[in-house]
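Peer 1:
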Amino acid sequence: MVLFFTSTAVDPPVTIYMGKDKFENEDLIKYAWPQDVWFHVDKLSSAHVYVRMPEGMTWDAIPEPLLVDCAQLVKANSIEGNKKDNITIIWTPADNLKKTGDMAVGQVSFHNDKRVKRTHVAKRENVIVNRLNKTKVERQVDHEQERVDRIKKENAVKRAAAAQKKKADAELARAREAEKAARSYDTLFSGEDEEEQEPKKSVQEMMDDFM
Numbered sequence: 190m191v192l193f194f195t196s197t198a199v200d201p202p203v204t205i206y207m208g209k210d211k212f213e214n215e216d217l218i219k220y221a222w223p224q225d226v227w228f229h230v231d232k233l234s235s236a237h238v239y240v241r242m243p244e245g246m247t248w249d250a251i252p253e254p255l256l257v258d259c260a261q262l263v264k265a266n267s268i269e270g271n272k273k274d275n276i277t278i279i280w281t282p283a284d285n286l287k288k289t290g291d292m293a294v295g296q297v298s299f300h301n302d303k304r305v306k307r308t309h310v311a312k313r314e315n316v317i318v319n320r321l322n323k324t325k326v327e328r329q330v331d332h333e334q335e336r337v338d339r340i341k342k343e344n345a346v347k348r349a350a351a352a353q354k355k356k357a358d359a360e361l362a363r364a365r366e367a368e369k370a371a372r373s374y375d376t377l378f379s380g381e382d383e384e385e386q387e388p389k390k391s392v393q394e395m396m397d398d399f400m
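Next comes the structure, spelled out in structure tokens:
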């Protein structure tokens with residue numbers, strides 16, 4: 190089962206989710222969307238909390254109010270961390286999580302440590318935790334089907350963008366050809382005008398040419 194929360198700290202609201210137990214955490218490590226961001230208490234056991242990044246928001250520029258919501262939710266769902274003040278929360282893009290066969294259930298490392306950020310949490314903020322808990326929904330998720338649906342949607346968006354770009358490129362090419370043709374047309378008539386503007390010789394002048 191996956192637990193879903195809604196953060197209203199930003200507008201529009203953002204979905205935060207986490208596994209109900211360490212076995213569900215294993216599935217989330219495998220199936221989390223690449224653009225999702227993973228949160229955990231540093232050096233302590235805690236829930237694996239993810240935020241589903243909305244369009245236009247980047248993992249390294251999460252708004253402070255949303256960051257606080259995620260950090261407080263992680264702290265509240267850490268048996269040891271919830272009892273302590275002044276703890277550190279780490280976060281990184283989900284595609285930076287590294288899982289090897291020799292790791293324990295729920296344990297992860299990172300592909301790139303430089304993509305891991307940290308934030309300090311002085312104490313538990315019950316107002317924030319209670320607000321988030323009121324939005325909690327528990328749901329069984331078919332992770333594989335969700336992955337397939339996500340990839341289909343992303344591919345459809347990519348195809349639409351590619352088609353739009355192809356159409357725009359074709360229109361630009363036609364516009365350039367029309368502009369080129371217009372320039373050639375103007376040059377042609379400009380030359381004819383110059384010929385027409387040459388003074389015509391009189392009969393006497395033409396006779397003088399033969400003398």
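Count the sequence shown with our numbering and you get residues 190 to 400, in order. Note that the Cβ used here is the ideal one computed from N, Cα and C, for glycine as well.
#1: Looking only at its own chain, which residues have a Cβ that is under 8 Å from the Cβ of K287, when we skip the five neighbours before and after it?
#2: Within its chain, find whatever has a CB closer than 8 Å to the CB of T289; leave out the 5 residues flanking it on each side and keep chain order.
#3: Tell me the DSSP secondary structure of G208 in three-state form.
#4: Threshold first: 3 residues or longer. Then list the beta strand (DSSP E) segments lying entirely within the region 205-284, N to C.
#5: Within 10 Å of its beta-carbon, does I152 have 16 or more other beta-carbons around it, so buried, or fewer, so exposed?
#6: Three or more C-beta pairs under 8 Å: does that hold for the region 193-205 against the region 241-257?
#7: Could you tell me the distance, in whole angstroms, from the CA atom of V318 to the CA atom of Q261?
#8: Please go through the same chain and pick out, in chain order, the residues whose beta-carbon is closer than 6 Å to the beta-carbon of F194, but skip the five residues on each side of it.
#9: How is E327 classed by DSSP in three states: helix, strand or coil?
#10: For I251 versus V226, is the C-beta spacing smaller than 8 Å?
#11: Just how far apart, CA to CA, sit E368 and A350?
#12: On the CB-based measure, 16 or more other CB atoms within 10 Å of its CB, does E213 come out buried or exposed?
#13: With V318 as the anchor, note down where its alpha helix (DSSP H) starts and where it stops.
#14: Whose C-beta lies closer than 8 Å to the C-beta of T281 among residues of the same chain, with five residues either side of it excluded?
#15: Short of 8 Å in beta carbon distance, which residues of its chain neighbour Y220, apart from the five on each side in sequence? Order them along the chain.
Peer 2: Working from what's here:
#1: The residue you call residue 287 lines up with position 98 of the sequence shown. Only V297, S298, F299, H300 meet the Cβ criterion.
#2: Mapped onto the sequence shown, residue 289 falls at position 100. Within the same chain, T289 has close Cβ partners S298.
#3: Numbered from its first residue, the sequence shown carries residue 208 at position 19. Strand, per DSSP.
#4: Complete beta strand (DSSP E) runs here, min 3: 226-230, 238-240, 276-282.
#5: The structure shown does not extend to residue 152, since the chain is modelled only from 190 through 400, so no value can be given for it.
#6: yes
#7: Along the sequence shown, read from residue 1 onward, the residue named residue 318 stands at position 129. Along the sequence shown, read from residue 1 onward, the residue named residue 261 stands at position 72. About 6 Å.
#8: Along the sequence shown, read from residue 1 onward, the residue named residue 194 stands at position 5. I205, L321, T324, K325, listed in sequence order.
#9: Residue 327 sits at position 138 when you count from the first residue of the sequence shown. DSSP places E327 in strand when its eight states are reduced to three.
#10: The count along the sequence shown starts at 1 and reaches residue 251 at position 62. The count along the sequence shown starts at 1 and reaches residue 226 at position 37. Closer than 8 Å, so yes.
#11: Indexing the sequence shown from 1 puts residue 368 at position 179. Indexing the sequence shown from 1 puts residue 350 at position 161. Their backbone Cα atoms lie some 27 Å apart in a straight line.
#12: As a first step, residue 213 is located in the sequence shown; it is residue number 24 there, counting from the start. Buried: at least 16 other Cβ atoms inside 10 Å.
#13: Residue numbering aside, residue 318 sits at position 129 when the sequence shown is read from its first letter. Residues 315-322.
#14: For the purposes of this step, residue 281 is taken as the residue at position 92 of the sequence shown. V226, W227, W248, F299, R304, V305, K306.
#15: Mapped onto the sequence shown, residue 220 falls at position 31. So the list reads H332, E333, E335, R336, once near-sequence residues are dropped.
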